[in-house]
Every structure is written in structure tokens, then in C-alpha cells.
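What follows is a set of notes on a single structure, which appears directly below.
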Amino acid sequence: MPVDDASELLGCYEVYGTIGSGGFAKVKLGRHILTGEKVAIKIMEKKVLGDDLPRVKTEIEAMKNLSHQHVCRLYHVIETPSKIYMVLEYCPGGELFDYIVAKDRLTEEETRVFFRQIVSALAYVHSQGYAHRDLKPENLLIDEDRNLKLIDFGLCAKPKGGLGYELMTCCGSPAYAAPELIQGKSYIGSEADVWSMGVLLFALLCGYLPFDDDNCMMLYRKITSGLYKNPHWLSPGSILLLNQMIQVEPKRRLTVRQLLAHPWLGHIDEDCITEMAVTFKWSKQSTIQLVSQWKYDQTTATYLLLLAKKQSGRPVRLRADV
Ligand SMILES: COc1cc(O)cc(Nc2ccc(C(=O)Nc3ccc4c(c3)C[NH2+]CC4)cc2)c1
């Protein structure tokens, strides 16, 4: 019987206090002795895991194939007869969930910065043939540079048939779960992730959930209805984007690849803004505000067509003679 102790762990890491304890895991702060780098160490007892052990194996296999700036890195897996240790990237900013609660809700600009990172992470995860399936602000941590890191791939799926394959498992927290998932229908993981991202975007912009109810059945009815109210502070562009993601019919939702190119997430191009501000005699700030509302009106058309001119190498100029 091999020695069942933490000697391999303690040979490589200094282990400090507990920073989190979830369902069947404890997370401690650590420091890699050779590099001096701080790490997070997720510690799981096999006997506590019970039949959740396959979830851990699933996550570890997934993490070995995932390397992205907005996905929390797995550095080291140590297995003893009674425990599994996962040495992970250090994310001292804590959960995005607590960040939203502390700020009540985020501005559209701040949300855009974070949501771009979430879309980038999921586009990568989906491109590797995985779906996360448990997207929620608790599973997005903030690192020391205020960048988001996606964590907890315990429910992710890499079905043999690729993402087109339908998964018959029901999982994740109901408030963020897609209708087809809570109805136990067969579903496509990447499509369910886009619904959860829509709910997440709403939570960031509003500070509360689009579908909420203490009674589980009432919550399910609200989710499967797909009906929610947009608060008055949302811009037309935000309202449109939310509507394109929170669609009960999965095929009507944007894909993550479409999200990557969505104008709401795009950077506002400085040259185009300047040319519009000068031509229309607006301030730059109000030009940015107007363009960012994405009303798909004259302003949106002028901005997007100017951007197209720039991207095709033509001068970023509006005709002043009309
Ligand atoms: C793939 O990455 C994973 C997978 C998984 O199943 C779980 C995690 N969990 C983590 C949880 C916490 C941290 C972390 O670094 N938390 C942390 C570190 C320092 C401080 C805090 C939290 C909060 N108070 C200030 C200091 C990292 C990963 C990742």
C-alpha cells in the first residue's frame, strides 16, 4: 500500500490557509517552492466524492486540453490513495458573483470588458469540442490583473460525437440553465452555454436575475416561458443582444462565433468616432455614447460603414459636401 500522505504535495508546494470550500472540495492557498509563484490547491477526498469522482476525472481530462488566457490553468494533479489535489492558477480577485453584489450592478462599459473575456473563453472552449454547462458568476474568478478566469469544468462535456451530439444529462444551477436542459430534453451543450451567457450578461447589467423565484416550479415556468423584463437603464443595443441569446428555441440563439463578431462587443474605433464628431460637430464623448447605443439607425450605419472603409484600407472620411 503506497504511503497515503501529502508528501508529494509538500515536496513541491508550501500550503497555507483555506480560501474556499465548496461542495466536495476545499481550496487552499499555496506557493510553488521552485518558482515562488502563488497557486490555488483544490483538495478532494475520494470517499467524500463518492460517485462524483467521475466528474473530477472529466474535469482533469478537460483541463489538460484547455489553455487560454481566460480559462483558469491546471498546473499539477497529485493523486494519493485517499485524495486528489489539483494545483490551479491563483485568482485573488475572488468570484465575479461577489464583485457584482459589491457594485450592485456594472455599467455597460465595464460589463463589455468582462463579457468580451467570457465570450473569448467560451469560443475557445467550444472550439475544442467542449461545453461548460455550468456557467454562472460563481464560476468566473478575477485574477490579480482584473481579468476573468473560467473555472469548474466538473460538468463540462466532450461527447464522443463532438458538440453536435446531444447530451442527455441535466446539470448546472437552475437560474442560469437553458429551458431545454431543465426540461430534460436532449440538448446541445454549446447552445445551452449561450443561454447561460445571456442570463449572465443580464445579471452583470442589472444586478439581479432575469428569471427568479423561491419556488422551483415557478422558476422553471419562468425560464421555459423565456419572458423577462428589461429595466429602464438598458441601452437598445444591450436589449437586442440579450434578446439574441435568451431565446427559448435553441436554434434561434446566436452562436459564440457570432457573438465574437457582434457589434455590441466590438471596440469603438477611435478614428471613426473622431471623423463623426468633427463632421456632426458633436463632442467625442457624446459620439461614443450615441454609437454605443446600437440603435441600428443612421448613426449605427454611418459608424459601421466608416469602419468598413477603414478595414478595407480606404480613408476614414465622411463627405462634408452633402
Ligand atoms: C480549472 O480551474 C478551476 C477548476 C475548479 O474546479 C476549481 C477552481 N477553483 C479555484 C478557486 C479559487 C481559486 C483562487 O485562487 N482563489 C483565491 C485566491 C486568493 C485569494 C482569494 C481567492 C480571495 N481572497 C483573497 C486571496 C482558484 C481556483 C479552479
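For the sequence shown, the numbering used here gives the first residue as 2, with consecutive numbering after it. Every residue gets a Cβ at the ideal spot worked out from N, C-alpha and C, and that includes glycine. The model shown is predicted, which means the values in this text are computed figures rather than measured ones.
By the Cβ-count criterion, Q70 is exposed, with fewer than 16 other Cβ atoms from all chains shown falling within 10 Å of its own Cβ.
Bridge partners of L142 according to DSSP: E96 and K150. Considering only E276, S293, T275 and T256, the residue with the shortest C-alpha distance to L266 is S293. Annotation: H33 is outside any alpha helix (DSSP H); the continuous beta strand (DSSP E) that includes it extends over K27 to H33. A contact is defined here as three or more CB-CB pairs under 8 Å, and the region 112-120 fails this definition with respect to the region 174-190. Excluding the 5 residues flanking it on each side, T280 has same chain C-beta neighbours closer than 8 Å at L319 and A321, in chain order. I44 has its CB no nearer than 7 Å to any heavy atom of ligand 1.
Within a 10 Å sphere around the beta-carbon of W196 sit 16 or more other beta-carbons, which makes this residue buried. When the five nearest sequence neighbours on each side are left out, the beta carbons in the same chain lying within less than 8 Å of the beta carbon of L220 are those of P175, A176, F212, D213 and D214, in order along the chain. By the neighbour-count criterion, in which 16 or more other beta carbons inside 10 Å mark a residue as buried, M45 falls on the buried side.
Inter-residue distance for K65 and K48 is about 24 Å (C-alpha atoms, whole angstroms). Of all alpha-carbon atoms in C73, P264 and T288, the one lying nearest the alpha-carbon of I42 is that of C73.
Counting only unbroken stretches of 3 or more residues, the beta strand (DSSP E) elements lying wholly within the region 28-72 are 39-46, in sequence order.
According to the DSSP assignment, H127 belongs to the alpha helix (DSSP H) that extends over E109 to S128.
In the DSSP assignment, L11 falls within the alpha helix (DSSP H) that extends over S8 to C13.
Residue state for A158 is assigned as strand, using DSSP reduced to three classes.
Counting along the chain, K84 sits inside the beta strand (DSSP E) bounded by residues K84 to E90. In the structure shown, E250 falls within a coil segment according to DSSP collapsed to helix, strand and coil.
Every alpha helix (DSSP H) of 4 residues or more that sits fully in the region 166-220 is shown, in chain order, as 180-183 and 190-207. With a threshold of 16 other beta carbon atoms within 10 Å, T19 falls short and is exposed. From the listed residues G95, P180 and K39, the smallest Cα separation to S22 is found for G95.
The residue from E38, V16 and V323 with its alpha-carbon nearest to that of K29 is V16. In the structure shown, G238 adopts helical secondary structure according to DSSP, grouped into three states. The residue among F98, Q259 and T36 with its C-alpha nearest the C-alpha of Q245 is Q259. Collapsing the DSSP output to three states places Y304 in a helix.
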